[in-house]
Structure formats: structure tokens, C-alpha cells
Amino acid sequence: MLGDTQIIDDKNSTLNNRPSSFNTLEISRPVLKRKGQNSVKVLPRVMRGSHIGEFDKDLLLRIKPKQVLIEKEQLFQENMELKLKTHSLQQELLRLKTKNMQIENELSKKEDPKDIKQAWDKPQSTSIIPSLKQTIKELKAELEIREKDIFKLKSNIKCSRVSELEVEVQAYIDECTRLRHHLEETLKSKQEPTEEKILTAQALASLKNENNEYFQQISALKTENSTLKATLEEEKKKKKPIVKKVDVNNRTEIHKLRIALDSSSKDFADKEEKYKMEIALLKAKVDKGNIKPKRIGNIVNFKPKAPSLFKLVNSIIPLRFKSVNEFVGIFKNVKSFAGIYEQFKAVCGKVKQKHVSEISIIFNLDRPEKFPDVVKEWYPFYDYSSKYESSDEEDKVKRGKQDTRGIENSKSSSQIIEKPDSSLSKAAKSRESTPALIQKPQEKLESNKNKAPKPGPIANLFIKPKIQTIKKSQVADLLLKSSLALQIHRIAKEDFPNLISNSDSISFEAMEAFFRSEPFSFPQEDARLLSKFLIEPNEDTVDEDLHLASLDHITTKYFKNTENWTILSNTDEERLDKELTSILSEYHLALKESCLACDPDQKGTVSSDDFKIILEDLQLTFTPELHSYCRLLFYSCNMQINQVPYEYFIKSYISHDNSNSQDMSDEEIAVIVRGYLEKIADKMVEDGKTVKGIFNYDDEGLISGQGFCEGLENIGITDIPQDHMVLILEALQYENSEDPCILVEELEDILQHYGVGEHHESMTTEGIAKENQDEDDEYSEDYED
1 MLGDTQIIDD KNSTLNNRPS SFNTLEISRP VLKRKGQNSV KVLPRVMRGS HIGEFDKDLL
61 LRIKPKQVLI EKEQLFQENM ELKLKTHSLQ QELLRLKTKN MQIENELSKK EDPKDIKQAW
121 DKPQSTSIIP SLKQTIKELK AELEIREKDI FKLKSNIKCS RVSELEVEVQ AYIDECTRLR
181 HHLEETLKSK QEPTEEKILT AQALASLKNE NNEYFQQISA LKTENSTLKA TLEEEKKKKK
241 PIVKKVDVNN RTEIHKLRIA LDSSSKDFAD KEEKYKMEIA LLKAKVDKGN IKPKRIGNIV
301 NFKPKAPSLF KLVNSIIPLR FKSVNEFVGI FKNVKSFAGI YEQFKAVCGK VKQKHVSEIS
361 IIFNLDRPEK FPDVVKEWYP FYDYSSKYES SDEEDKVKRG KQDTRGIENS KSSSQIIEKP
421 DSSLSKAAKS RESTPALIQK PQEKLESNKN KAPKPGPIAN LFIKPKIQTI KKSQVADLLL
481 KSSLALQIHR IAKEDFPNLI SNSDSISFEA MEAFFRSEPF SFPQEDARLL SKFLIEPNED
541 TVDEDLHLAS LDHITTKYFK NTENWTILSN TDEERLDKEL TSILSEYHLA LKESCLACDP
601 DQKGTVSSDD FKIILEDLQL TFTPELHSYC RLLFYSCNMQ INQVPYEYFI KSYISHDNSN
661 SQDMSDEEIA VIVRGYLEKI ADKMVEDGKT VKGIFNYDDE GLISGQGFCE GLENIGITDI
721 PQDHMVLILE ALQYENSEDP CILVEELEDI LQHYGVGEHH ESMTTEGIAK ENQDEDDEYS
781 EDYED
């Protein structure tokens, strides 16, 4: 406003200033007074259009509606915006009016010299003094008018400010009243509960009561579970000793002690067998006093044929891998002879009752509970190498039956025990009669003393079976694949143990799952083979049930059987790419012709040996660093070792071929990708498979490029060219990942449009077995604690 008043004051000052030449004209010539010119009644042109609109005070007096549908906050904001806009418009109007007044003043100044000139032309009929008086009066009148206008403008400015403040204060008052009413309504609504609130409160109270009841039940069940666990632990302590945990670091020492224990137990068993045989011979010597000492060697060396029951035991045990304790343990609850027969019949198949009765009578079994001990004691004294026809005891039984029936039951225990001795003597006589079988008794006795006794079938059952370890040649390709996969993912060799686990001991199942996941994504057979190789010790044979190894052993074996590698930086890769580009730009035609000659089927790949020969023919030598980089490129292209994708390799490093590939339009690429997706979907629908059942993906649901290629190979699609495979992977690339990968959910949604069904997860036998194993481990840990 100060600026506007300054403009008006300047304007008034300009009106009072008169031109310097006017005084001379006024003195020299009289001014003719014209009627109506510069009269008081007629306002000058400057004041004719000067009108400033007053503020409409009726707006404040208007009645405001009590119920406003629009929210008060919104109205308040709109009102303030309109006020600001009105104020700005008023300022603009005032500025334009002042400008208009300035223009009119300039126009009047331009018109005044014309009037003076006209007055000069006319003759001076009057004097100068009246004219001056008249001009003074006019100027005074004009000055009064100007002052009135200034006062009016100032009053309007004050009124506008006051009115704005009043409107703003009234808006604040309305907003306060609205908020007060709103607060009162909310307080009333809180004080007066509605039906919904009552129902929700009742539901919450009932739920709290149920929750308390469930909590009490859970606490009661927990206490009951703890008591049951305590009783179970006490019973287990009574039945079995607590199994102590074995430290992994002491495994080698335990293994050595176990070997020493096995050797000592074997020596003890041999000595025991030897002493038992000597005792049996001494008993036979006492019973048969006419036996000469010279025949002791033959008697010791001779073993009679086994009874029928022992022969059946010998034939069954090696086939079913059962120890004597397991075989005869089925008789621990048997209390009658018929029970023994039924148990043997269930296990051994067709067993005659005479076999069981015969063996019971021979060894004078007064109680069936002694049967397992008798089998253990007398089993090694019989020969099982000859073809089984009939035992010596059966021959005697047959002869007895021809003479008199039921001789077995009539003989006493002392007479029956002599049967093995008589059969031994008879066999010895028959052997003496045949000269081919005669040997020197003393020499044979000495040789038998020096010779280690052969373990029988039952003794072999107590020895853990050994199997051949996997050689490095069997897993050389898998080791190379694993190292290349780590290089592709920029993982150093020293970080390999950190990828496996932080625990000291690693199981076979954990290693298999490790190699089946990223960054390797091996098939199940390859993962099992490589895991078994790393877990096995550095020996020719190993126990069959070995499924655990330490992390240090696995790491050292992996480091020993794989080459060292370095992770290349971006600058190194750019340098090597420049070298390959310079080499291929010169030799790409000759290289392609030679590779096509070695590739009659035009698959776009040749073997690494053929590629090496081609490079030698072209006299091209690669540095070791460049050679390892090329091998990594070849593996990353088709995820196969010992193969060189020469076609894709040459295209990647030749600008001309790259320009031709870039000339392909987006529509052509889309047609190619759709065709292959339709082919994949038809094959999956034909086999009845789903996306998640074919392609391996990680925890985030991402399928790697290698996993996608392996999944296509699993369903029998192997004829996709390399450049088309690259187009498919680029079209299905997951946006949020920098590495080449596909989101399994996106691929599933895409293939569902082509008719592929959704994947429904179900609990497999492996999952059930794993869950049961976890429960068993939990129970075993509780038991050990």
C-alpha cells in the first residue's frame, strides 16, 4: 500500500509542475478564457475513470447454514484460498487503476500544450491576473478532489484489512465450534455403548476365558509330558546304559582301539575254539581208551558233516545277514519244543521236525532256553564246505530206524553223546584206507597250529562289510564343474568351507543337498557321487555304513583334487575380451571353417580336444590365463565341460555377426520365444509334469540359467540352438536380479496360459522319512540329556 500512495503523491506533484516556457507565454500574451474549459464542475479526464470499488459488507451479514454437508476443514481451506485469491485480485486491480491514472495524466500533459497554443493564437482580450486566479481555483479544487480520493483509498485499505481479519477470525470461531461439537459427539458415543460394542466386548471376554482355559490345559499337558519323560528316562536308565556322545576329534583314536579290540577278540575266539577242540578230543580219548596218540592229528584235522539244522542255519545266515544272536534270539520266549519247531519253520522255511528233535537229543537239551548257547558252542565243529546230502547223525538215525523204530527216544543221553566220537573214528578209518588222503599227522598238526583258523559264516557277520572307495577319475568331471560353477558366481576357493556349514561334522545328506542347490545345481546322482567321494577317507576300502565326515577332511580333500583359481576383476575381463576380439577378428573365418569340418551335424559345438587341435593347426597359442578364461566362458554358455560352442563364441566376439543379430526385430524375437514356450508346455502336458517339479529353484524361487537348461534336458528338449536359448533367457529374465535367472512363479504363470497345470505340494516318502528322522534325533537328544 505504501507503494500505491507513493505513486499517487508523484502524480499530484507532476500535476502542480508547470512547464518553464509557460511563464514567458503568459507574460507576453494573454490567455483567452473559454467557457467550460477547466471549470470546477467538469472534472478532468484523469479523475473521470478513477473509481475504486468498495468492499461488500453484506457478505459478512449473510446467514450461514447450520447443516453443511461438506466438511468444515475443507470449507475452511477453500475459504482461505478464496480470500487469498481475492486479496491478490484487489491488489492487481489497484495496480491497474494507478497505472491507468498515470497514463491519463500523461495524455492530459500532451493535450495541455495544444490548448495553450490555441489560446496563444487567439488575441488576448483579458488580462493575465484573472486567468491566473481562475487556474489557482481550479488547481485547489483538483487538489481537494485528489485528497478525497487519497483518503478514500486509505480508508478502503483499512476496511479491507479489517474485513479480512474479521472473516479469518470468524472462520477460526466456526472451526472451533465444529471441533467442540465433534468432541462432544465422540464423548457421547463413548459414554453410550452401542450394541456392536457390547457384542464385541462379550466376544472378547469369552475369547479371553477360552484362552485362559487353553493355557491351563497346555500347562497341565506340559507338566504331564515332563513327568512322562522323567519316567521314560528312568526306565531307559534301568534297561540300557546312557549312550555317551563321541567327540569327532577322537574318532581316529576310537577307530584304532576298535581295530585292536577286533584283533584281540579274533585271537581270543581262535584260542577258545582251539581249546574246545582239544577238550573234545581229550573227552573222546577218555571215552575211547584204545585210540592211539598217532591218530590225534587226523582226528583234529577232521570235521564231520553238520546236522541238518546246522546246515540250514549256515545257508540262511549268509543270505539274510543275521548274526547268531539275531537268529536264535527268537527263541528267548519259547517254552516248549513245539514252539521251537514253529519258530524255525517261520524263519527257515521247510524244516523237518526230526532235525529239531535230533539236535535237541544230541546236545541233551533239558531246557529250550539253552538252545542259543548250544548253537554258539557247537557250530564251529562241523564242516559246511561239502555238498549237503545227509549228515553222519542222520545216517545213524536211518540205520536205527531200519532195525528198530523209536531208537532215538530209547537211548540215554550218555550213549547219544558218543555218536559224534564214533562217527569221528569211522571217518578217520575211512580216510586211512584211502592213500591219496593220508598225510603225516605230526606235520599236519604243526601246520594247523601255525595256520590262522578261517572264520566261519557266523564270524563274518560280526565284521562290518567293506566297499571300494570312489576314485578321483570317477568324479573328475564333477570336480571341474563345481570349480567352474564357483568361478562363475565369483566365489573364491578359500570360501568353499564357508558355503557348506559352520558345524564340525557334515553328514552325507547335507553334502548331497549342498551340491543340489545353488551355485552347483547338480542332478541327484552326480550330487550323491561327489558327496560320497568327499566323505570317504583316503583308503582303498571303507565301511559301508560311513555317512559322516569332518569339515576339515572334506575341505582338504576338495582342495587337493581341484585346481587353484583366481577371481577376475572387471578390468581383467575387459583386457581378456580385447585379446580374444583381436585374435578372432583375424582368424574367425579359418576357425569357423575348421570347426564346421569337425561338426558334421552342425550342432554348433565341438569337443575340447578337437578345438585344441584346430588352434594348433592355425598356430594360435593362448596364455594360461586366457585359456582358463575361455574354459569358463565355454562352461557358462551351455553348462557342459569338454565342449566348445564355437558358433556362439565366434558370434560374441565379431562385430559383424553381432550387428546381424541385433537387426532382428522385437516381433521376430517374440515369435521365436512363443514357439519354444509352446513346445515346452506341450511336452510338459504330455508327460503330466509341472514347472516346480522339473526346474530346480532356490529358497527365493529363482531358477538359474543352468537349472533351466537341465530342466529342459530332463523332459527331452535338447535341440534348442544356443542363440535361441539366449533369447529365451533374456525374455524370461527376472527384473530385480542382475544375474541371469528366472522367477519360478512368473514362469509358472506364463506356461499356465499354454495349458500347464499348477504344482500341488504333497508330502513325499523322503519328506516323511526326514520328518521321522528329525523326531528320532529329538528323542535321542532328550534321552542323552
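At position 387 of the sequence shown the residue is numbered 387 (full-length UniProt numbering), and the sequence of numbers has no breaks. Heads up, the beta-carbon is just placed ideally off N, CA and C, and yes, glycines get one too.
What residue ranges within the region 569-628 form continuous beta strand (DSSP E) runs of no fewer than 3 residues, ordered along the chain?
DSSP runs (the beta strand (DSSP E)) wholly in the region 569-628: none.
Bridge partners for Thr541 per DSSP, in chain order?
Thr541 is bridged to Gln468.
Tell me, please, whether the region 188-197 touches the region 90-109 by the rule of three or more beta-carbon pairs shorter than 8 Å.
No: fewer than three Cβ pairs fall under 8 Å.
Identify which residue in Lys603, Gln602, Cys598 has its Cα closest to the Cα of Phe611.
The residue with the shortest Cα to Cα distance from Phe611 is Cys598.
Judging by CA-CA distance, which residue of Tyr635, Cys176, Phe151 is the nearest neighbour of Phe76?
Measuring from the Cα of Phe76, the nearest candidate turns out to be Cys176.
Could you check which residue in Leu199, Lys148, Gln90 has the C-alpha nearest to that of Ile157?
Per the Cα distances, Gln90.
Considering Cα atoms alone, identify which of Ile583, Arg180, Pro130, Lys256 is closest to Gln619.
Of Ile583, Arg180, Pro130, Lys256, the residue nearest in Cα terms is Ile583.
Given a cut-off of 8 Å, decide if Ala549 and Ile567 are closer than it, judged by their beta-carbon atoms.
No, the pair does not count as a contact, with Cβ atoms beyond the cut-off.
Starting from Leu732, follow the alpha helix (DSSP H) in both directions and report where the run begins and ends.
Per DSSP, Leu732 belongs to no alpha helix (DSSP H) and is neither H nor E.
Which whole-angstrom value describes the C-beta separation of Ile715 and Ile742, a residue pair presumed to lie in contact below a C-beta threshold of 8 Å?
Contact flag wrong, Cβ pair sits at about 16 Å.
Which complete beta strand (DSSP E) runs does the region 696-732 hold, if anything under 3 residues is left out?
Taking only runs of at least 3 residues, the beta strand (DSSP E) segments lying wholly in the region 696-732 are 702-704.
Output the distance between the C-alpha atoms of Lys692 and Asp270, rounded to the nearest integer angstrom.
So the two alpha carbons sit approximately 60 Å from each other.
Looking at the unbroken beta strand (DSSP E) that takes in Leu743, where does it start and where does it end?
Note, Leu743: beta strand (DSSP E), 741-743.
Check Ala549 in the structure and name its three-state DSSP category.
Correct three-state label for Ala549: strand.
Does DSSP classify Lys292 as helix, strand or coil?
Residue placement at Lys292 is flagged as unreliable, the pLDDT there being 43, under the threshold of 50; a coordinate-derived value is accordingly withheld.
Is Gln202 near the ligand GTP, judged by its Cβ being under 7 Å from some heavy atom?
Absence of the ligand GTP from the depicted structure is noted, as is the absence of any ligand whatsoever, leaving it without description.
To which residues of the same chain is Val756 closer than 8 Å at the C-beta, ignoring the five residues directly before and after it?
Here the set comprises Ala681, Met684, Val685, Thr690, Val691, Glu748.
For Phe520, count neighbouring C-beta atoms within 10 Å of its own C-beta (all shown protein chains included) and say buried if the count is 16 or more, exposed if not.
The residue in question, Phe520, is buried, as its Cβ has 16 or more Cβ neighbours within 10 Å.
For the region 717-730 against the region 635-650, are there 3 or more C-beta pairs whose distance is under 8 Å?
The region 717-730 is in contact with the region 635-650.
Using three-state DSSP, classify Val475 as helix, strand or coil.
Reduced to three states, the DSSP call for Val475 is coil.
Per DSSP, what are the beta-bridge partners of Val644 in this structure?
According to DSSP, which records beta bridges pairwise, Val644 is partnered with Val606.
Within 10 Å of its beta-carbon, does Thr223 have 16 or more other beta-carbons around it, so buried, or fewer, so exposed?
Label assigned to Thr223: exposed.
Just checking my contact of Ala510 with Ser501 at CB under 8 Å: how many whole Å lie between their CB atoms?
Indeed they touch by this definition, with Cβ atoms about 7 Å apart.
Among the residues of its own chain, which have a CB less than 7 Å from the CB of Thr555, if the five just before and after it don't count?
Within the same chain, Thr555 has close Cβ partners Phe496, Pro497.
Compute the distance between the beta-carbons of Ser594 and Ile614, then report whether it is under 8 Å.
Yes. Within cutoff.
Are the region 628-636 and the region 476-495 touching by the rule of at least three beta carbon pairs closer than 8 Å?
Judged by Cβ distances under 8 Å, the region 628-636 makes contact with the region 476-495, as three or more pairs qualify.
Based on DSSP bridge pairs, tell me the residues matched to Ile535.
Ile535 is not bridged to any residue.
Count the other CB atoms, across all protein chains shown, that sit within 10 Å of the CB of Lys190; report buried if there are 16 or more and exposed otherwise.
The residue is exposed, with fewer than 16 neighbouring Cβ atoms inside 10 Å.
Count the other CB atoms, across all protein chains shown, that sit within 10 Å of the CB of Thr186; report buried if there are 16 or more and exposed otherwise.
Thr186 comes out exposed.
CB Phe712 to CB Ile669, shorter than 8 Å?
Reading off the sequence, residue 712 comes out as Leu, not Phe. Contact flag unset, no.
Let me check understanding here. Comparing Cα to Cα, which of Lys256, Leu729, Tyr629, Glu278 lies closest to Glu574?
For the residues Lys256, Leu729, Tyr629, Glu278, the minimum Cα distance to Glu574 belongs to Tyr629.
Would you mind giving the Cβ-Cβ distance between Leu546 and Tyr653, rounded to the nearest angstrom? I have them listed as a contact below 8 Å.
Not a contact, Cβ separation roughly 49 Å.
Relative to the C-alpha of Ile750, which residue among Glu678, Leu82, Leu529 is closest?
Closest by alpha carbon: Glu678.
Straight-line CA distance for Thr621 to Asp601?
If you take the alpha carbons of Thr621 and Asp601, they lie about 27 Å apart.
By DSSP, does Ile506 sit in helix, in strand, or in coil?
Ile506 falls in the strand class under three-state DSSP.
By Cβ distance below 8 Å, which residues in the same chain neighbour Leu576 in space, the five residues on each side in sequence not counted?
Answer for Leu576: Leu568, Glu625, Leu626, Tyr629, listed in chain order.
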